[in-house]
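Notes to accompany the following structure.
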Amino acid sequence: MKVRHEEKAAFFAAVDDACKKAIWCAIATVSDEQPRVRIVHPTWEGETLWFATGPQSPKANQIRVNPLVDIQYQVAPPDFVHVMVRGKAELISDLATKQHAWDAIDYDLTQFGSKGPDDVNFCPVRITPSRVELSEMFGSTNKRVWRS
13 MKVRHEEKAA FFAAVDDACK KAIWCAIATV SDEQPRVRIV HPTWEGETLW FATGPQSPKA
73 NQIRVNPLVD IQYQVAPPDF VHVMVRGKAE LISDLATKQH AWDAIDYDLT QFGSKGPDDV
133 NFCPVRITPS RVELSEMFGS TNKRVWRS
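Going by this note's numbering, the first residue of the sequence shown is number 13, and it counts up by one from there.
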């Protein structure tokens, strides 16, 4: 079912709730024309998805070449919710936006080695979705899709 404009805020609130239950997700990037998948811990801020990485990490290097990404969350039973996100990733380097991302990300980034928003090793990634799917039972039940 297509998410209507008047349903968008409630839809993204439901997406955020589901993703908080899953915590971790898989992100797919491309390297040498081959898919690469790894686990990340993003945070939703409205319609924007944030996560942190190192500026020279494989993820960052792949995003520089091709910013298109797919993300998949799976919430275990009994909820069994599935969230898929397709969008464009952007590596953030300006201090004001790095500070914003540092504040928006809802876990302690120092656990992962970053010392603060001005740390040269802190590279926030902003994902602007073009498509978000929220469904139950691997997409077979109560499927809702938002498109930009």
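Quick reminder that beta carbons are idealized off the backbone N, C-alpha and C, glycines included.
Express the C-alpha separation of Met96 and Ser69 in angstroms, rounding to a whole number. Roughly 23 Å separates the two Cα atoms.
Assess, as a yes-or-no matter, whether the segment 81-99 is touched by the segment 137-156 under the definition of 3 or more beta carbon pairs within less than 8 Å. Yes: at least three Cβ pairs fall under 8 Å.
Taking three-plus beta-carbon pairs below 8 Å as touching, is the segment 74-88 in contact with the segment 35-43? They touch, by the three-pair rule.
Taking its Cβ as the centre, do 16 or more other Cβ atoms sit within 10 Å of Ser142, making it buried, or is it exposed? Residue environment: Ser142 is assigned as exposed (fewer than 16 neighbouring CB atoms within 10 Å of its CB, all protein chains considered).
Helix, strand or coil: which one does DSSP assign to Ala88? In the three-state scheme derived from DSSP, where H, G and I count as helix and E and B as strand, Ala88 is classed as coil.
Considering just the uninterrupted stretch of the beta strand (DSSP E) at Trp62, what are its terminal residues? Boundaries of the beta strand (DSSP E) harbouring Trp62: 60-65, taken from the DSSP string.
Report the rounded CA-to-CA distance for Phe23 versus Val15, giving the unit in angstroms. Distance from the CA atom of Phe23 to the CA atom of Val15, rounded to whole angstroms, is 7 Å.
Where does Gln68 fall in DSSP's three states? Three-state DSSP puts Gln68 in coil, outside helix and strand.
How far does the alpha helix (DSSP H) with Thr109 in it reach, from first residue to last? Here the alpha helix (DSSP H) through Thr109 covers 107-116.
Determine the burial state of Phe124: buried for a count of at least 16 other Cβ atoms within 10 Å of its Cβ, exposed for fewer. Exposed.
Opposing strand residues paired with Ala40 [DSSP bridges]: Answer is Val49, Asp82, bridged to Ala40.
Within 10 Å of its beta-carbon, does Ser126 have 16 or more other beta-carbons around it, so buried, or fewer, so exposed? In the assembly as shown, Ser126 is a buried residue. Its beta-carbon has 16 or more other beta-carbons within 10 Å.
Cβ neighbour criterion (16 or more within 10 Å) applied to Gln74: By the neighbour-count criterion, in which a residue is buried when 16 or more other Cβ atoms sit within 10 angstroms of its Cβ, Gln74 is buried.
Where Lys155 falls: helix, strand or coil (DSSP): Correct three-state label for Lys155: strand.
Between the CA atoms of Lys32 and Gly128 - distance to the nearest angstrom: So the two alpha carbons sit approximately 23 Å from each other.
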